[in-house]
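Student:
In full-length UniProt numbering, the protein residues as written are 1 to 540.
In structure tokens form, the structure reads like this:
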């Protein structure tokens, strides 16, 4: 490169200096001059590039390709200058080895030039490809920018339309809300009116029920009979209409059959038609006509016609206020009659109560006497039971057989039956048998049960309650006496224990372990001053 550059510099100065050997190195002044020229040329290219537009500059590889072209041109010039120098140099005698060395150097220089040209060509192709790619990228960027601008415009348009639509929907929503409020107010007004009318309807229905109760039953029967007659009349009218339609349908079918028959007759030949006309005339003279077979539909079932109601309500019996006043007067007279009957019934009830009190008094006296007899019988029973116990002890002492035990059991049962027999007021002085006493007791029980059935139920329940109350009272007294006896026994034992001398302790006294000393930590209460309280209040 340096040699080529030197040869180029030497070629440029051929006008002033004689030609020199191209294979000698340039001097230092030439090297500095060439470097200054290169700097100047680069500065001019840079200034020129700065004055160009952005699309004229190209990519970063444009300057590089330009420099490579300049280098190629420069090398071409240098090679041309070298060849020119070699052609124009003086013919001097050279040594063969020097000539071969120079030829070899020339070959190497030529080979390096070819290699550089090939590299420059490749670099130019790459630069061209880069420039095309850059131009394509710039085109794509411009298209993207256009599309982006279009998208922004469309987006702004859509946003504006959406805002308008939202404002419209908001307005519609407010209108609908106002309309809903108005409708709700109307619904509330209608509901209030409905509630008022419902209350009025309920009152009217109550009055209607009251008037229906006052209405005589004959009037309802008359209205039902009239309604039934109206239903029957409407039913007969519907049946008559259906019958009329059925008759019209039959006539229509007959007329269609006649027309069909005449059409068939016309379709026959003229000759046969003439013969039939003569026959028809003869038949007409004899009083007969053409026989036509007609199939009529089945008659409908008129009896299955249902009864229908007109939906009208039954008229009221009361049409004038005087009718209601007359009914009230009649009811008042009837109530007066009922009041008299109730008074008479109350008088009879009072008489019955008086007789009931007298009967109860007699029954109480009888009950008192029976209770006294029961007490006597209980005392007798206790005596008999003591005798029985003595006999049982005697029987136990004597080694009796099983037969004797059964006889003793029968005897005890007989004694119990006799005791019940005497309590019920029968006389047992004649020593009746056990079966006789049981039969008398059964008859007495049946008489008492029949008498209870004849008595008033309230009275029976009341007496049962009184008897049950007395029984509970006696049981309570007995339990209280038993508790008092038990308590007296406990008191007696307690007094006996208290009167006994205290027991003497023998041996050493039992000593328990002493508890460890417990230390209590006393916390002093911190008293806060008024100043600290003010700080807590105002600064926290």
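Virtual Cβ for every residue (Gly too), placed ideally from N, Cα, C.
Tell me the rounded alpha-carbon separation between residue 96 and residue 104.
Tutor: Straight through space, the alpha carbons of residue 104 and residue 96 are spaced by roughly 12 Å.
Student: Taking residue 442 and residue 377 to be in contact with their CB atoms under 8 Å, please state how far apart those CB atoms are, rounded to whole angstroms.
Tutor: Their Cβ separation, rounded to whole angstroms, is 19 Å, which puts residue 442 and residue 377 out of contact at 8 Å.
Student: Please classify residue 254: does DSSP put it in a helix, a strand, or coil?
Tutor: helix
Student: Please classify residue 532: does DSSP put it in a helix, a strand, or coil?
Tutor: helix
Student: For residue 170, report the span of its alpha helix (DSSP H) as first-last.
Tutor: 96 to 214
Student: Between which two residues does the alpha helix (DSSP H) carrying residue 447 extend?
Tutor: 434 to 454
Student: Examine the Cβ distances between the region 220 to 237 and the region 324 to 340 and report whether three or more of them are shorter than 8 Å.
Tutor: No: fewer than three Cβ pairs fall under 8 Å.
Student: State buried or exposed for residue 111, treating a residue as buried only when at least 16 other CB atoms are found within 10 Å of its CB.
Tutor: exposed
Student: Starting from the Cα of residue 220, find the closest Cα among 193, 318, 135 and 185 and give me that residue.
Tutor: The candidate whose alpha carbon is nearest that of residue 220 is 318.
Student: Residue 389 to residue 470, Cα distance in whole Å?
Tutor: 30 Å
Student: Assuming contact is defined by CB atoms lying nearer than 9 Å, are residue 459 and residue 394 in contact in what I supplied?
Tutor: Contact flag unset, no.
Student: What does the alpha-carbon distance come out to for the pair residue 329 and residue 321?
Tutor: 13 Å
Student: Measure the CB-CB distance between residue 305 and residue 230 and report whether it falls below 9 Å.
Tutor: no
Student: By DSSP, does residue 479 sit in helix, in strand, or in coil?
Tutor: helix
Student: CB residue 428 to CB residue 422, shorter than 9 Å?
Tutor: Contact flag set, yes.
Student: So, does the CB of residue 297 fall closer than 9 Å to a CB anywhere in chain B?
Tutor: Annotation note: the requested chain B is absent from the structure, which comprises a single protein chain.
Student: I need the straight-line Cα distance from residue 206 to residue 212, nearest angstrom please.
Tutor: 10 Å
Student: Measure the alpha-carbon distance for residue 455 versus residue 362 and round it to whole angstroms.
Tutor: 14 Å
Student: Count the other C-beta atoms from every protein chain shown that fall within 10 angstroms of the C-beta of residue 381, then say buried if there are 16 or more, exposed otherwise.
Tutor: buried
Student: Straight-line CA distance for residue 384 to residue 501?
Tutor: 48 Å
Student: Helix, strand or coil for residue 369, going by three-state DSSP, please let me know.
Tutor: helix
Student: Measure the alpha-carbon distance for residue 492 versus residue 468 and round it to whole angstroms.
Tutor: 35 Å
Student: By alpha-carbon positions, which one of 316, 386 and 504 ends up nearest to residue 209?
Tutor: Out of 316, 386 and 504, 316 has the C-alpha closest to the C-alpha of residue 209.
Student: Would you kindly work out how many angstroms separate the C-alpha atoms of residue 449 and residue 327, rounded to a whole number?
Tutor: 52 Å
Student: Rounded to whole angstroms, what's the CA-CA distance from residue 194 to residue 183? Just pull it up for me.
Tutor: Rounded to the nearest angstrom, the gap between the Cα atoms of residue 194 and residue 183 is 16 Å.
Student: Which two residues bound the contiguous alpha helix (DSSP H) that contains residue 504?
Tutor: Per DSSP, residue 504 belongs to no alpha helix (DSSP H) and is neither H nor E.
Student: Could you say which of 126, 155 and 415 lies nearest to residue 391 if we only look at CA atoms?
Tutor: 415
Student: Whole angstroms is fine: what's the gap from residue 153's alpha carbon to residue 141's?
Tutor: 18 Å
Student: Go through its chain and collect everything with a Cβ distance to residue 434's Cβ below 6 Å, but skip five positions before and after it.
Tutor: 414 and 417
Student: Quick one: what does DSSP say residue 298 is sitting in, helix, strand or coil?
Tutor: coil
Student: At what residues does the alpha helix (DSSP H) containing residue 49 begin and finish?
Tutor: 28 to 51
Student: Grouping DSSP H, G and I as helix and E and B as strand, with all else coil, what is residue 318?
Tutor: coil
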